[in-house]
Amino acid sequence: MTTTEPTPSPSQEGNPSSPSPATSIPSFLQVSPEEREGLRTTARAHKASGNEHFKNKQYTEAISEYEDAIALLNDERWYERTGHSEVNKDENQDVSGEEKQDKEEVAVFHGNIGACYMMLEDWKPCVEACDKALKLNPDYIKVLSRRASANEKIGTWSSLSEALKDHQKITQLEPHNASSRSALARLPRLIEVQQEKEKEEMLGKIPFAEIRLVRGITYLLKYFRALGKLKTLGNSVLGKFGLSLDSFQMKPNEGGGYSLSMKQ
Numbered sequence: 003m004t005t006t007e008p009t010p011s012p013s014q015e016g017n018p019s020s021p022s023p024a025t026s027i028p029s030f031l032q033v034s035p036e037e038r039e040g041l042r043t044t045a046r047a048h049k050a051s052g053n054e055h056f057k058n059k060q061y062t063e064a065i066s067e068y069e070d071a072i073a074l075l076n077d078e079r080w081y082e083r084t085g086h087s088e089v090n091k092d093e094n095q096d097v098s099g100e101e102k103q104d105k106e107e108v109a110v111f112h113g114n115i116g117a118c119y120m121m122l123e124d125w126k127p128c129v130e131a132c133d134k135a136l137k138l139n140p141d142y143i144k145v146l147s148r149r150a151s152a153n154e155k156i157g158t159w160s161s162l163s164e165a166l167k168d169h170q171k172i173t174q175l176e177p178h179n180a181s182s183r184s185a186l187a188r189l190p191r192l193i194e195v196q197q198e199k200e201k202e203e204m205l206g207k208i209p210f211a212e213i214r215l216v217r218g219i220t221y222l223l224k225y226f227r228a229l230g231k232l233k234t235l236g237n238s239v240l241g242k243f244g245l246s247l248d249s250f251q252m253k254p255n256e257g258g259g260y261s262l263s264m265k266q
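My numbering numbers the first residue of the sequence shown as 3 and each following residue consecutively.
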């Protein structure tokens with residue numbers, strides 16, 4: 003069985019004969035093998051319908067079809083025992099070949115939803131859909147690239163940093179990937195600039211009085227540090243006479259000012 007993403011090429015037409023999946027459908031792994039095969043057939047029909055909508059630029063309708071396909075084949079336990087895109091391949095060794103194939107097919111459905119959101123230029127849902135796909139298939143290069151592109155469009159310091167991680171992962175899997183190699187050269191500077199910009203924006207939101215307070219505290223800390231050094235110097239001189247700065251005390255005078263005297 004080969005799983006594919008939506009393409010402009012012709013695909014199976016028509017809506018699936020069965021109704022949209024209900025929320026009462028049991029976990030995919032809990033039904034009999036015969037029922038699973040029926041669910042697979044219906045899910046693929048939803049996917050084919052979604053591909054047709056995608057080809058016709060009906061992205062919202064395509065999303066609905068892919069979501070119906072996911073509801074039929076999905077099992078939440080898949081997400082519990084796999085991690086993010088950095089998951090080690092060894093963690094999935096206990097999964098049967100058939101189940102691994104089902105997981106990869108559901109990953110394609112999630113990836114297709116991400117493609118729809120990308121065409122709609124709705125970047126955050128695109129990232130979320132790609133996250134789900136990569137939980138099921140961590141080495142899904144097309145989705146890694148899609149998530150990186152969406153994160154770069156979001157453009158925050160954290161999202162640009164995530165885009166960099168995805169391109170690093172892609173070059174590990176595909177060392178000669180030109181797009182990712184170009185991104186690895188481009189993104190570090192963008193991340194640095196955005197980080198400084200967000201720092202300035204954050205400081206700009208702090209009330210002026212609080213900025214003065216922070217600066218005042220910083221000045222006092224420096225002042226007391228300097229006093230500490232002076233006290234050390236004074237004690238080193240007075241120590242030659244068996245004295246220290248703690249041997250003296252300052253007292254205010256009635257007419258103003260202070261007088262210095264030795265402690266009794």
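For glycine and all other residues, C-beta sits at the position ideal for the given N, C-alpha and C.
Next on the checklist: With three or more beta-carbon pairs closer than 8 angstroms as the criterion, would you say the region 149-169 touches the region 115-135?
Outcome noted: Counting Cβ pairs under 8 angstroms, three or more are found: they touch.
Next on the checklist: Measuring straight from C-alpha to C-alpha, what distance separates Met121 and Glu106?
Outcome noted: On the sequence shown, residue 121 is found 119 positions in, with the first residue counted as 1. On the sequence shown, residue 106 is found 104 positions in, with the first residue counted as 1. Roughly 22 angstroms between the two C-alpha positions.
Checklist entry - Between Lys102 and Ala71, is the Cβ-Cβ spacing less than 9 angstroms? => result By one-based count along the sequence shown, residue 102 stands at place 100. By one-based count along the sequence shown, residue 71 stands at place 69. Contact flag unset, no.
Checklist entry - Where does Tyr68 sit, in a helix, a strand or coil, going by DSSP? => result Counted from its first residue, the sequence shown places residue 68 at position 66. In this structure, Tyr68 counts as helix in the three-state DSSP scheme.
Next on the checklist: Is it buried or exposed, Ser160, if we count other Cβ atoms within 10 angstroms and call 16 or more buried?
Outcome noted: For the purposes of this step, residue 160 is identified with residue 158 of the sequence shown, where counting begins at 1. The residue is exposed, with fewer than 16 neighbouring Cβ atoms inside 10 Å.
Checklist entry - Can you name, in chain order, every residue of its own chain whose Cβ lies under 7 angstroms from the Cβ of Leu175, other than the five neighbours on each side? => result Your numbering for residue 175 matches position 173 in the sequence shown. Excluding positions up to five away in sequence, the list reads Asp141 and Ile143.
Next on the checklist: Quick test of your reading: Asp104 and Leu74, contact by CB under 8 angstroms. State the CB separation rounded to the nearest angstrom.
Outcome noted: Position 102 of the sequence shown holds residue 104. Position 72 of the sequence shown holds residue 74. Rounded to whole angstroms, the Cβ separation of Asp104 and Leu74 is 10 angstroms, and the two are not in contact under 8 angstroms.
Next on the checklist: Using 9 angstroms as the threshold, is the C-beta distance between Glu189 and Leu162 below it?
Outcome noted: In the sequence shown, the residue the question calls residue 189 occupies position 187. In the sequence shown, the residue the question calls residue 162 occupies position 160. A small correction: the amino acid at residue 189 is Leu; Glu does not occupy that position in the sequence shown. Going by C-beta atoms, Leu189 is nearer than 9 angstroms to Leu162.
Next on the checklist: Which same chain residues end up closer than 8 angstroms to Glu200 when comparing Cβ atoms and leaving out the 5 residues on each side of it in sequence?
Outcome noted: As a position in the sequence shown, residue 200 is number 198, starting the count at 1. The residues are Thr158 and Trp159.
Next on the checklist: So, at 6 angstroms on beta carbons, what are the nonlocal neighbours of Glu88 in its own chain, with the 5 sequence-adjacent residues on each side left out?
Outcome noted: Position 86 of the sequence shown, counted from the first residue, corresponds to residue 88. Annotation note: pLDDT 36 at Glu88 (below 50); position unreliable, no value reported.
Checklist entry - Under the three-state reduction of DSSP, which class applies to His55: helix, strand or coil? => result Residue numbering aside, residue 55 sits at position 53 when the sequence shown is read from its first letter. If DSSP states are grouped into helix, strand and coil, His55 belongs with the helices.
Checklist entry - Would the beta-carbon of Ala185 fall within 9 angstroms of that of Leu166? => result What you label residue 185 is simply residue 183 of the sequence shown in a count that begins at 1. What you label residue 166 is simply residue 164 of the sequence shown in a count that begins at 1. Yes, Cβ-Cβ distance for Ala185 and Leu166 is below 9 angstroms.
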